[in-house]
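Engineer: What follows is a structure written as structure tokens; I'll ask about it next.
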Amino acid sequence: MKKLTSLLKYTFLIISSFISIFPFYWMIAGATNTANQIAEGKLTFGDQLFVNLQDLFGAYDIPLIMWNSLKISGVTVILSLIITSLAAFGFEKFTTKTSELIYGLILLFMVIPLASLVIPLFKMMAGLQLVNQHLAIILPAINNLFLIFFFRQNFKSFPNEIIDASKIEGASNYEIFFRVVFPMMKSTYAAAAIYAFMNSWNSYLLPLIFLQTENKYTMTLLISSLSSASYVANYGTQMVAIIIATIPTLILFLFMQKGFVKGMTGSLKM
Amino acid sequence: MQIRSKDKRGRRQNQDVWKFIIFSVVLSSVFLLYPILYSIYLSLHNMQGLQSVFVGFGNYLRMFQDDIFWKALMNNFTFLIFQVPIMVVLGLLMAFLLNTPNLKGRTFFKLALFLPCVTSLVSYAVLFKMMFQMGGIVNDTLMAIGIVQNPIDWLNSPFWAKVTVIIALCWRWTGYNMIFYLAGLQNISDDTLEAAEIDGANGFQKFFKVVIPQLKPVIVFTTITSTIGTIQLFDEVVNLTGGGPSNETLTAAQLIYNHSFIYTSNFGYSATLSWALVIIIAILSIIQLKISNRE
Numbered sequence: 001m002k003k004l005t006s007l008l009k010y011t012f013l014i015i016s017s018f019i020s021i022f023p024f025y026w027m028i029a030g031a032t033n034t035a036n037q038i039a040e041g042k043l044t045f046g047d048q049l050f051v052n053l054q055d056l057f058g059a060y061d062i063p064l065i066m067w068n069s070l071k072i073s074g075v076t077v078i079l080s081l082i083i084t085s086l087a088a089f090g091f092e093k094f095t096t097k098t099s100e101l102i103y104g105l106i107l108l109f110m111v112i113p114l115a116s117l118v119i120p121l122f123k124m125m126a127g128l129q130l131v132n133q134h135l136a137i138i139l140p141a142i143n144n145l146f147l148i149f150f151f152r153q154n155f156k157s158f159p160n161e162i163i164d165a166s167k168i169e170g171a172s173n174y175e176i177f178f179r180v181v182f183p184m185m186k187s188t189y190a191a192a193a194i195y196a197f198m199n200s201w202n203s204y205l206l207p208l209i210f211l212q213t214e215n216k217y218t219m220t221l222l223i224s225s226l227s228s229a230s231y232v233a234n235y236g237t238q239m240v241a242i243i244i245a246t247i248p249t250l251i252l253f254l255f256m257q258k259g260f261v262k263g264m265t266g267s268l269k270m
Numbered sequence: 001m002q003i004r005s006k007d008k009r010g011r012r013q014n015q016d017v018w019k020f021i022i023f024s025v026v027l028s029s030v031f032l033l034y035p036i037l038y039s040i041y042l043s044l045h046n047m048q049g050l051q052s053v054f055v056g057f058g059n060y061l062r063m064f065q066d067d068i069f070w071k072a073l074m075n076n077f078t079f080l081i082f083q084v085p086i087m088v089v090l091g092l093l094m095a096f097l098l099n100t101p102n103l104k105g106r107t108f109f110k111l112a113l114f115l116p117c118v119t120s121l122v123s124y125a126v127l128f129k130m131m132f133q134m135g136g137i138v139n140d141t142l143m144a145i146g147i148v149q150n151p152i153d154w155l156n157s158p159f160w161a162k163v164t165v166i167i168a169l170c171w172r173w174t175g176y177n178m179i180f181y182l183a184g185l186q187n188i189s190d191d192t193l194e195a196a197e198i199d200g201a202n203g204f205q206k207f208f209k210v211v212i213p214q215l216k217p218v219i220v221f222t223t224i225t226s227t228i229g230t231i232q233l234f235d236e237v238v239n240l241t242g243g244g245p246s247n248e249t250l251t252a253a254q255l256i257y258n259h260s261f262i263y264t265s266n267f268g269y270s271a272t273l274s275w276a277l278v279i280i281i282a283i284l285s286i287i288q289l290k291i292s293n294r295e
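Residue numbers (the UniProt record's numbering), protein chains in the order written: chain A, 1 to 270; chain B, 1 to 295.
Pasting the structure below:
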């Protein structure tokens, strides 16, 4: 009985792991095959990698699109980390009745889907002449409500005594925040940075609405438009594009596993 | 610790809070509160092109008679009632097995099962679209093993297209939810499991009688977030099935997008649909919280 349970256990885990990993293998193998071979489900590696790379880099300015993605994500991560953590620190450590009311509203707003705000945002950005500008994607993403919640949960464990002591020594509020709190909460910031990066790197709806010319595209938007192209889709180039778009997040995951898992799953302690 | 809010420092705190939250409050007002209010205004107007006509609840009445909207909502709920339970059960099972003592290859399994989370929603949807082609790898494999005789038309049959979306969602999110259960399991003391074992409980009994009840708060949390996620489903269906065949996998969020940017755009009507979606999400969250609090 024990042996049978053990066998079932490993069988289940091995099959699940195989299903989880297989699409990654298939994506890499696919990048080396022709569109037809991919459509026919060829499993082995072929010799078309350079052809596919040439097709993709020849048709699109990949370095520019990659740079667009990195720029948007980088700016969004830095600005949103500063602004949301400042707010969370205020909400947690300088609580007033009004601030609690505002915080309650913020929690409430979290259930409103982005799809519901897209039209007003579009009209707003059109009025500001920001359509087809990266700023139209960055601005609405900075004040990430989940990050405010995430930081506040993590600041709960930050000792008040340290804030008081720094105050007595004459440090200003911002000094306390940037010189004392930030260095002490580095792992929280790392997790938040990963969350914010993944969010921005993978964001689809806002780029889809605001970015209209190829030189403004992000990788995510490019993959989507490659896939939905009306002419016969070239699976090989799609595979290469997906791999290129996944490399940064994969590296992030492999080198910062703990922070990655913490960032992706929120305030859980791992 | 909160008592001191009445001392000298308490009054200082009052003024200081704004120094921290002001940036966030300004951004919230411009990019959140204003869009919300404007969206309510839009939902009461018929807005095609530049013309705006006040129609009161006209858009809402139209919504109740809009078959496509109800079909899209039904699709959302179909995905929801199949995908969320399957994913929760699989995730629980994985976490439970990963938590057994003396498991060989624990780190590898954990890594492998979480790996789908590094893909963007668009990327994996496009990847799955290629895998589920008529002559593609999935059909090849199923026929090689002998599960099916003829290839399944995954993406173009009303039934199988829905199944494909559900499979894809499970692939991407099961490992993610498993992490929450693993964290929850660490908080269950080994003593209770050992006690159950001494009492003669087998693996299944331990799983259902000891583990599940103690994990309830985590299960409720993941169910709520997954429910909200499924109701807002957009990226995956757009890139996997495009909402087809003939709207069989169309979701509410995609319909809102179509009304705004694809069909002759009517911002007023799509704002109305947006608010219906917000209300549904709010109601579902409240129901789930109520159920979990009552027990």
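Glycine included, every Cβ here is placed at the ideal spot set by N, Cα and C. Computed from a predicted model, the values in this text were never measured in an experiment.
Could you tell me the distance, in whole angstroms, from the CA atom of A:Tyr60 to the CA atom of A:Tyr235?
Structural biologist: Indexing the first sequence from 1 puts residue 60 of chain A at position 60. Indexing the first sequence from 1 puts residue 235 of chain A at position 235. Distance between the alpha carbons of A:Tyr60 and A:Tyr235 is about 15 Å.
Engineer: Out of curiosity, what's the CA-to-CA distance linking A:Phe12 and B:Ile166?
Structural biologist: Counting from 1 along the first sequence, the entry for residue 12 of chain A is found at position 12. Counting from 1 along the second sequence, the entry for residue 166 of chain B is found at position 166. Taking the straight line from one Cα to the other gives about 20 Å.
Engineer: Counting C-beta neighbours from all protein chains within 10 Å, is the total for A:Met185 16 or more, i.e. buried, or is it exposed?
Structural biologist: Counting from one through the first sequence, the residue named residue 185 of chain A turns up at place 185. With 16 or more other Cβ atoms within 10 Å, it is buried.
Engineer: Taking the alpha carbon of A:Ala241 as the reference point, which residue from A:Phe57, A:Lys71, A:Tyr103, A:Gln212 has its own alpha carbon closest?
Structural biologist: Position 241 of the first sequence, counted from the start, is the residue given in the question as residue 241 of chain A. When only C-alpha atoms are compared, the closest one is A:Phe57.
Engineer: Express the C-alpha separation of B:Phe114 and B:Thr107 in angstroms, rounding to a whole number.
Structural biologist: Position 107 of the second sequence, counting from 1, holds the residue named residue 107 of chain B. Position 114 of the second sequence, counting from 1, holds the residue named residue 114 of chain B. Answer to the nearest angstrom: the Cα atoms are 11 Å apart.
Engineer: Output yes or no for whether 8 Å exceeds the beta carbon distance between B:Ser24 and A:Ile148.
Structural biologist: By one-based count along the second sequence, residue 24 of chain B stands at place 24. By one-based count along the first sequence, residue 148 of chain A stands at place 148. Their beta carbons are under 8 Å apart, which means B:Ser24 touches A:Ile148 by this criterion.
Engineer: Along the beta strand (DSSP E) that carries B:Val53, what are the first and last residues, could you check?
Structural biologist: Translated into positions along the second sequence, residue 53 of chain B becomes position 53. First-last of the beta strand (DSSP E) with B:Val53: 51-54.
Engineer: State yes or no: is the beta carbon of A:Thr188 nearer than 8 Å to at least one beta carbon in chain B?
Structural biologist: Along the first sequence, read from residue 1 onward, the residue named residue 188 of chain A stands at position 188. Cβ-Cβ to chain B under 8 Å: no for A:Thr188.
Engineer: Using the C-alpha atoms, what's the distance from B:Leu44 back to residue 297 of chain B?
Structural biologist: Nothing about residue 297 of chain B can be read from this structure; chain B reaches only from 1 to 295.
Engineer: State yes or no: is the C-beta of residue 312 of chain B within less than 8 Å of the C-beta of A:Ile223?
Structural biologist: As displayed, chain B neither begins before 1 nor continues past 295, which places residue 312 of chain B out of reach and without an answer.
Engineer: Does any residue of chain B bring its CB to less than 8 Å from the CB of A:Ile78?
Structural biologist: Residue 78 of chain A sits at position 78 when you count from the first residue of the first sequence. Proximity of A:Ile78 to chain B, defined by a Cβ-Cβ separation below 8 Å, is not satisfied.
Engineer: Quick check: A:Leu136 and A:Phe24, are their CB atoms within less than 8 Å of each other?
Structural biologist: The count along the first sequence starts at 1 and reaches residue 136 of chain A at position 136. The count along the first sequence starts at 1 and reaches residue 24 of chain A at position 24. The question names Leu, but residue 136 of chain A in the sequence shown is Ala. Cβ distance not < 8 Å, so A:Ala136 and A:Phe24 don't count as in contact.
Engineer: Is the CB-CB distance between B:Val210 and B:Ala196 below 8 Å?
Structural biologist: Numbered from its first residue, the second sequence carries residue 210 of chain B at position 210. Numbered from its first residue, the second sequence carries residue 196 of chain B at position 196. Yes, the Cβ-Cβ distance between B:Val210 and B:Ala196 is below 8 Å.
Engineer: Please list, in chain order, the chain B residues whose beta carbon lies closer than 9 Å to that of A:Ala191.
Structural biologist: Sequence index remark: in the first sequence, residue 191 of chain A carries index 191 (1-based). What A:Ala191 touches in chain B: nothing, since even the nearest Cβ is about 13 Å away.
Engineer: Between B:Cys170 and B:Leu98, which are expected to be in contact by the criterion C-beta below 8 Å, what is the C-beta distance as a whole number of angstroms?
Structural biologist: Taking the first residue of the second sequence as position 1, residue 170 of chain B is located at position 170. Taking the first residue of the second sequence as position 1, residue 98 of chain B is located at position 98. With a Cβ gap of about 18 Å, B:Cys170 and B:Leu98 do not count as contacting.
Engineer: Do A:Phe94 and B:Phe20 have their beta-carbon atoms positioned less than 8 Å apart in this structure?
Structural biologist: To locate residue 20 of chain B, count along the second sequence from 1; it is residue 20. To locate residue 94 of chain A, count along the first sequence from 1; it is residue 94. Inclusion of B:Phe20 and A:Phe94 in the CB contact set at 8 Å is warranted, their separation being smaller than that value.
Engineer: With a CB to CB cut of under 8 Å and the five nearest residues on each side skipped, what residues in its chain are close to B:Asn76?
Structural biologist: For the purposes of this step, residue 76 of chain B is taken as the residue at position 76 of the second sequence. Hits under 8 Å: Thr230, Ile231, Leu233, Thr251, Ala252.
Engineer: Do we get a CB-CB distance below 8 Å when we pair B:Asp235 with the residues of chain A?
Structural biologist: Working through the second sequence from its first residue, we reach residue 235 of chain B at position 235. Yes, B:Asp235 lies at the interface with chain A (some Cβ there is under 8 Å from its Cβ).
Engineer: Can you grab the Cα-Cα spacing for the pair B:Lys104 / B:Ala95, in whole Å?
Structural biologist: On the second sequence, residue 104 of chain B is found 104 positions in, with the first residue counted as 1. On the second sequence, residue 95 of chain B is found 95 positions in, with the first residue counted as 1. The straight-line gap from Cα to Cα measures roughly 14 Å.
Engineer: If you compare alpha carbons, which of B:Ala282, B:Thr227, B:Ile283 is closest to B:Phe82?
Structural biologist: What you label residue 82 of chain B is simply residue 82 of the second sequence in a count that begins at 1. Nearest of B:Ala282, B:Thr227, B:Ile283 to B:Phe82, Cα basis: B:Thr227.
Engineer: Leaving out five residues on either side along the sequence, give the residues of the same chain with a beta carbon under 7 Å from the beta carbon of B:Gly56.
Structural biologist: Reading the second sequence from its first residue, position 56 is the one you call residue 56 of chain B. Once the five neighbours on either side are set aside, the close Cβ partners of B:Gly56 are Leu44.
Engineer: Where DSSP assigns a beta bridge to B:His45, which residues make up the other side?
Structural biologist: The sequence position of residue 45 of chain B within the second sequence is 45, counting from 1. Answer by DSSP bridge pairing, in chain order: B:Phe54.
Engineer: Quick check on A:Tyr174: buried or exposed, where buried means 16 or more other Cβ atoms within 10 Å of its Cβ?
Structural biologist: The residue given as residue 174 of chain A occupies position 174 in the first sequence. Classification for A:Tyr174: exposed.
Engineer: Excluding sequence positions up to five away, which residues of its chain have a Cβ less than 6 Å from the Cβ of A:His134?
Structural biologist: If you number the first sequence from 1, residue 134 of chain A lands on position 134. Taken in chain order, the residues that qualify are Ile72.
Engineer: What number of angstroms, rounded off, separates the C-alpha of B:Val17 from the C-alpha of A:Gly90?
Structural biologist: One-based indexing of the second sequence puts residue 17 of chain B at position 17. One-based indexing of the first sequence puts residue 90 of chain A at position 90. One C-alpha to the other measures close to 5 Å.
Engineer: Check whether the segment 130-139 of chain B and the segment 29-46 of chain A touch, using three or more Cβ-Cβ pairs below 8 Å as the test.
Structural biologist: yes
Engineer: Here's a check: name, in chain order, each residue in its chain whose Cβ is nearer than 8 Å to the Cβ of residue 322 of chain B, leaving out the five neighbours to either side.
Structural biologist: In the structure as shown, chain B begins at 1 and stops at 295. Residue 322 of chain B is therefore absent and cannot be evaluated.
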